[in-house]
Structures are given as C-alpha cells and as structure tokens.
Amino acid sequence: MTEATDLAQQAGDRDPRVGLRAVAALRRLVEQLEAVQVRSARARGWSWQEIANELGVSRQAVHKKHGRH
Amino acid sequence: MFEKFSQDARAAVEGAVGHAERADARTITEEHLLLALLDLLDPGEAPGARALLALGVDQRRTELTTALREARRAGGLSRADIAALARLGIDVGEVVARVEEAHGPDALAAERGPRRWWPRGHRPFSREARSVLVRALRIAQGRGDRAIGDEHLLLGLASGPGVVADVMAEHGASWADIERALAVPWPGRAAS
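Protein sequences appear in the order of chains A and B. Here our numbering is used: the first residue of the first sequence is -18, the next is one more, and so on. Here our numbering is used: the first residue of the second sequence is 409, the next is one more, and so on.
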C-alpha cells in the first residue's frame, strides 16, 4: 500500500493522472456497490420497480443490468 | 484465432479455463490468464516464463496472487486505484469493511450482472480478457513473430488498463520490465 500511496502523494492533487484514475476507480466501485445493494434489495423481496425508483433509473434498465435470465 | 497460438500459449489459455472453472467464475478473466501464465513458471521454459524468472517474479508469486485477491475483494481496485481514491478522501478499506459487515465477506468481489447461458457449452472470456488476446496477437505481429506465445500474452496483460496490469507493475512485471527481460537473449541472463 505505502508504495502506491507515496506515488499518489508525490504526484500531488493536481496531477490529472491521479485524478482520472480516481474517477475510473470510483466508477468501478460504484458498479460493485450497486450490484451489492440490488442483490440485497431483491433478497428482501423488493420489486424491480422499487429498486429502479431508488436508483433513479427505469425498471427496464435495472432489470437488464441485474436481472437473472 | 487459437491456431496461431504456441504450445505454451495454448497451455496458458487452457490453464486459464481451469482456473475459472475451479473458481466457479462466470467468465475467464485477465486474472485467470495471469494465474495460468504464472503456472508456466514451474517448468520455466516458455519464453514469457523465462522473462518472469529473470525479473524474479517467481519470488513474489505469493504476494502477487494475494494482491490479486485483495484487489478483487476491494471491488476490483488496485493499490494505485485505492491510493488515488485516498487523495479524494475516500477510504476504500473502510468502504469494504462496512459493506462486508452488512453483506458478508467478499461482498464487493461478487461478479455483476446476470448469469448467462454459455452458448458453446463453456464459459466465455470476459471482454477484458478477449482484449488481451487481441492485443497479444497485435504484439506478436508487431514483433514479427509468427506464433502467439506466452510472452505475448504477458505483454498483452501488462499493456492493458485495469487491475491485473497494475498488480503486475506493482510486482516488478510492468510492460517495460517484461520487454527489457525479453530483450536479453537466453541464456544470456546467466552471463550478465
């Protein structure tokens, strides 16, 4: 951890590489978090419509992304 | 495409299928490919395996596989990703701990999306892993090599964006490291 942390610190907050990497990493983390939360909601009996409402997307979109076929 | 693969590269691809099967993964990923390429270290005769040996990657094999596991546990983030997010004030370790507390161990490591039927009776390569194969082909062509060998697969992995390339770089097997090791003629390394 320390090596990579040092690298980021040395590069500084204004280095676009660190900033862009953070954006890409955050996006990946968000996708995983969404999957965890959707699975959890389904396990608790939530409908796709209810999940879609909370996520602010259409029912079709959330079902296509997370639904079991 | 696979008819252009050397025996070593075929062994690596088959090995990757085996790793994916044992992990009961939905797709064959870059990680499975790397694990299979590391398996070639044992005979250590394939060109790519020789390069990894020259780089001392065999000594760091356990650390490397642990880092891959940790990255998967953190939702597919490498140490460099985690450090970049720390600069934003996001403590990925804390996020992982809280999610696992609520949803169980390895909650963020789970594969996303629907489990699809395998059209040809075997699990498919992930989109990223397919890109590695395509890059390996281009790299082999670019170097004027007739067959795709395990060294091209390694370079294909190392040249990619993503967690596997990051983990490789963090363990002394970046694209540049591998290129450098491949440039030393075998057994020239022993002499140098």
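Think of the CB as a built atom: it goes at the ideal place given N, C-alpha and C, for glycine as much as any other residue. Fair warning: this is a prediction, and the values are worked out from it, not measured in the lab.
Counterpart residues of Ile556 of chain B in DSSP-defined beta bridges = Counting from one through the second sequence, the residue named residue 556 of chain B turns up at place 148. Per DSSP, B:Phe413.
Contacts of Leu7 of chain A in chain B (Cβ-Cβ under 8 Å) | Taking the first residue of the first sequence as position 1, residue 7 of chain A is located at position 26. Those within 8 Å of Leu7 of chain A in chain B are Leu493, Leu496, Ile498.
According to the Cβ coordinates, are Pro455 of chain B and Gly568 of chain B closer than 8 Å?
-> Along the second sequence, read from residue 1 onward, the residue named residue 455 of chain B stands at position 47. Along the second sequence, read from residue 1 onward, the residue named residue 568 of chain B stands at position 160. Taking a C-beta distance under 8 Å as the contact criterion, Pro455 of chain B and Gly568 of chain B do not qualify as a contact pair.
How about Ala515 of chain B: is its C-beta nearer than 8 Å to some C-beta of chain A?
-> Taking the first residue of the second sequence as position 1, residue 515 of chain B is located at position 107. Closer than 8 Å: yes.
Pull up the distance between the alpha-carbon of Ser52 of chain A and that of Val11 of chain A, whole angstroms please.
-> Any question about residue 52 of chain A goes unanswered here, given that chain A covers just -18 to 50.
Limits of the unbroken alpha helix (DSSP H) element including Gly550 of chain B | Indexing the second sequence from 1 puts residue 550 of chain B at position 142. Note, Gly550 of chain B: alpha helix (DSSP H), 535 to 550.
Could you check what DSSP says for Ile490 of chain B in three-state terms: helix, strand or coil?
-> As a first step, residue 490 of chain B must be located in the second sequence, where it is residue number 82. If DSSP states are grouped into helix, strand and coil, Ile490 of chain B belongs with the helices.
Among residues of its own chain, excluding the 5 on either side of Arg20 of chain A, which ones have a beta-carbon nearer than 8 Å to its beta-carbon?
-> Walking along the first sequence from the start, residue 20 of chain A turns up at place 39. The residues His47, in chain order, have a CB closer than 8 Å to that of Arg20 of chain A in the same chain once the five nearest residues on each side in sequence are set aside.
Which runs of the alpha helix (DSSP H) spanning at least 4 residues fall entirely within the stretch 432 to 491 of chain B, listed in chain order?
-> 438 to 447, 455 to 462, 469 to 481, all fully within the stretch 432 to 491 of chain B.
Neighbourhood of Met(-18) of chain A by C-beta distance below 6 Å, restricted to the same chain and skipping five residues each side = Your numbering for residue -18 of chain A matches position 1 in the first sequence. Legend: pLDDT at Met(-18) of chain A = 46, less than 50; position of this residue unreliable, value from coordinates given subsequently. Contacts found: none.
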